[in-house]
Amino acid sequence: MGITSSFHVGPYEIFYPLKPSVSPVQQYGQHHLPGRLFVVEGIDGSGKSTQLSLLHKWLEARGYGVVFSEWNSSPLVKDTTKLGKKKKLLTPATFSLVHATDFADRTEHSILPFLKAGAIVLCDRYVYTAFARDAARGMDGDWVRDLYGFAVKPTAAFYFRVPLETAIGRLVGARDGFKYYEAGLDLGLTVDAEDSFRLFQGRILEEYEKMVPEFGLTVIDATMPVEAQQAQVRRIVQSHLDLAKELRIQP
Amino acid sequence: MRQTYGKQLPGMRLTDLPGKLIVIEGTDGAGRSTQINLLRPWLEELGHAVLDTGMTRSRLAGDGIRRAKQRNNLGRVTQSLFYATDFIDRLEKEIVPALRAGFIVLTDRYIYSLMARASVRGMDPSWIRSIFSVALKPDAVFYLRIGIEQLLPRVVFSRGFDYWESGMDLFPGQDIYEGFSSYQATLLAEFDRLAEEYKFEIVDASADAQAVCAHLQKKILEIVEPVRVEAPEAKLAGAYVESLTEKIFLNLMRASKEPEHRVANPFPLTPQTANIPLPRRNGSAF
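So this is what it looks like as structure tokens:
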């Protein structure tokens, strides 16, 4: 399975694979980019970043050209997001838009050009994070899906499914405190950061579960040992690379 | 109750928004800011509280957009969304609170400019329309229309060419004059399409500023409620009382307690009011 396109948003061909838009967006036929796009999704503490970094090392060791792009990392938009979070300026709508802007910049500069060049692009969090978080903040699901209509459809999207309490247990041990927006404290659900985190991430989990059938996410049981999860991920990634031998960088 | 273009943002109550939302649209050099600078004091003199706002003035994204435009790698999708972020921040934090407080909001450009720019840059029109479906429908959209022939000398001999207003991101090979001409001509065509779709009030912006302003004033008076002062329990409409109006109002209160003044002259020239210019329009306001 390659990367398919069906909708056109930008000046170049962009790939709206996510959900048929409520508006009649112009349709294009199948289109293939030579690269491959793998993304990991899941709540904080699900272990997805660990799994992605193991995948990254494995692909590099096998000689593939690999590019990594992280959620919320655009150099162009970073300052604005930081300002919004620090000064608590963000509402659910502007929270959504500032992250979409960040994602757009990464799509235009870090994702699409590399897929065109035949690289393997790995993303820690993708549009599904936005769909889950924005819905948990009360944004309209169709509006957010339209907003991300310019996104490239991943070759495979791994969802690391973990019970809330397991994730919290991992976070409490590893980090000091819960962050304001990550814990959904902007919603005023409760004043206690851990309680708020529990309520907010609980909502996000529900949204992820709804998206599994909607977008065909590949579910990985994130309570399994790290090695077992990685073996599963590598097997699936491998199956998408069999037809992509040309991606190997020649020594 | 106010309406949006289809979707509603969480937490945005559409009832109890008694203010008026007036949009001034038009391409670069059409005289939008000149008109707003004339309209604002005029409305305040009539007793209306005014908020004026415009693109990239949000606290959240204004600086970020300015910084991004100075670099050479602001992509087209990113650009559209950055402007949308700026717009929604101002909608939620400035426009809606002002409308709720009964202000007249004068906005220099609105979603239509953003739609036109995105469309000219090849974005799917339905994509950008979906994003702005959460915007409030304004009470009036005045489109200051000017032909490319009149626009060019205005821009050349006033501020010169701006990189982005000349669409240089779209036509990198051309010189800036060619870029400006092609870009503004394409934008104009897009604006004309939008004018029809969204029923803009088209104003010929090639006339001189005072004539354009007089025309806008006439149209605005059809929308805004006149400020009425009713003796003896006199009340001014609107949440914010401009200090000048307040002085006249207090004087009027004093006058209403003295019947001979009220009958003879509602604005007796006392030492306190002698040097205050009276509102030009005293027919319906007072």
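Residue numbers (this note's numbering), protein chains in the order written: chain A, 1 to 251; chain B, 252 to 537.
The beta carbon of each residue, even a glycine, is placed where N, CA and C say it ideally should be.
All values derive from a computational prediction rather than experimental measurement.
Straight-line spacing of the CA atoms in residue 466/B and residue 293/B works out to 13 Å.
In terms of CA proximity to residue 147/A, 376/B leads the group 376/B, 262/B and 400/B.
According to DSSP, residue pairing for residue 357/B in a beta bridge involves 273/B and 303/B.
Judged by DSSP in its simplified three-state form, residue 33/A adopts coil rather than helix or strand. Judged by their CB atoms, residue 276/B and residue 361/B are nearer to each other than the 9 Å cut-off. The shortest CA-to-CA distance from residue 161/A to any of 48/A, 38/A and 37/A is the one to 48/A. Contact between the region 97 to 117 of chain A and the region 320 to 332 of chain B is present, with at least three C-beta pairs closer than 8 Å. A straight-line Cα-Cα distance of about 12 Å links residue 325/B and residue 421/B. For residue 367/B, none of the residues of chain A pass the 7 Å Cβ criterion, the least Cβ distance being about 15 Å. Rounded to whole angstroms, residue 370/B and residue 439/B show a C-alpha spacing of 12 Å. With respect to residue 156/A, residue 237/A sits close: the two C-beta atoms are nearer than 9 Å. Per DSSP, residue 318/B lies in no beta strand (DSSP E); the unbroken alpha helix (DSSP H) holding it starts and ends at 313 to 321.
Considering only beta carbons, no part of the region 427 to 446 of chain B lies closer than 8 Å to chain A.
Contacts with chain B at 9 Å (Cβ-Cβ) do not include residue 114/A.
When Cβ-Cβ separations below 9 Å define contact, residue 100/A makes contact with chain B. Taking one beta carbon from each stretch, the region 292 to 310 of chain B and the region 419 to 434 of chain B have fewer than 3 pairs nearer than 8 Å; the two do not touch. Taking the C-beta atoms as reference points, residue 141/A is found nearer than 9 Å to residue 131/A. For the set 137/A, 170/A, 210/A and 208/A, the Cα lying nearest the Cα of residue 194/A is the one of 170/A. Put simply, the backbone Cα of residue 318/B is about 22 Å away from that of residue 366/B. For residue 69/A, the enclosing beta strand (DSSP E) begins and ends at 66 to 70.
Excluding residues up to 5 positions away in sequence, 196 and 200 lie with their Cβ nearer than 6 Å to the Cβ of residue 184/A in the same chain.
Residue 320/B is not a Cβ neighbour of residue 393/B, given a cutoff of 9 Å. Close partners of residue 278/B in chain A (Cβ separation under 9 Å) are lacking, with about 21 Å as the shortest Cβ gap.
For residue 39/A, the pairing in a beta bridge is given by DSSP as 123/A and 157/A.
Assigned with DSSP and collapsed to three states, residue 278/B falls in coil, not helix or strand. At a cut-off of 9 Å, the C-beta of residue 469/B has no neighbouring C-beta in chain A. Assigned with DSSP and collapsed to three states, residue 386/B falls in coil, not helix or strand.
In this chain, the beta strand (DSSP E) harbouring residue 220/A covers 218 to 221.
Neighbours of residue 258/B across chain A, judged by C-beta separation under 9 Å: 140, 142 and 143. Following the DSSP letters along the chain, one finds residue 413/B in no alpha helix (DSSP H), marked with neither H nor E. Selection 479/B, 355/B and 359/B evaluated against residue 281/B yields 359/B as nearest (Cα-Cα). Rounded to the nearest whole angstrom, the C-alpha separation of residue 60/A and residue 158/A is 19 Å. Boundaries of the alpha helix (DSSP H) around residue 104/A: 92 to 106. Here residue 395/B has 275, 276, 277, 281, 282, 283, 286, 454, 456 and 463 as same chain residues with Cβ atoms under 8 Å from its own Cβ, once five neighbours each way along the sequence are excluded.
Between residue 268/B and residue 253/B the beta-carbon gap is near 5 Å, inside 8 Å, which marks them as a contact.
Boundaries for residue 455/B: no alpha helix (DSSP H) harbours it, while the beta strand (DSSP E) harbouring it runs 452 to 455, taken from the DSSP string.
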